[in-house]
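Notes to accompany the following structure.
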Amino acid sequence: LHTEPLFVLLGTFTGFGAGFYSMYRHLVLDRSDELRGGEERDPDGGAE
8 LHTEPLFVLL GTFTGFGAGF YSMYRHLVLD RSDELRGGEE RDPDGGAE
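Under my numbering, the letters of the sequence shown match residues 8 to 55, in that order.
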């Protein structure tokens, strides 16, 4: 069907969008939760 370039581009942009959203969520939303006084987390990431 010769759709390989289409799926390469769709996969690239989907991966970029998912990575950007993950980074945004990690940097911005977690930070705003800390500022609001959300639940405290262990400094070592919760591992016991």
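A virtual CB, placed ideally from N, CA and C, is assigned to each residue, including glycine.
Where F35 and F23 are concerned, what is the direct C-alpha to C-alpha distance, given to the nearest angstrom?
The question names Phe, yet the displayed sequence has Val at residue 35. Whole-angstrom Cα-Cα distance: 18 Å.
Distance check for T21 and L8, CA to CA, integer angstroms please.
So the alpha carbons of these two residues sit roughly 21 Å apart.
Using only the alpha-carbon positions, how far apart do S39 and L17 sit?
Spanning the two alpha carbons is a distance of roughly 32 Å.
Where does L17 fall in DSSP's three states?
Looking at L17 - three-state DSSP - the assignment turns out to be helix.
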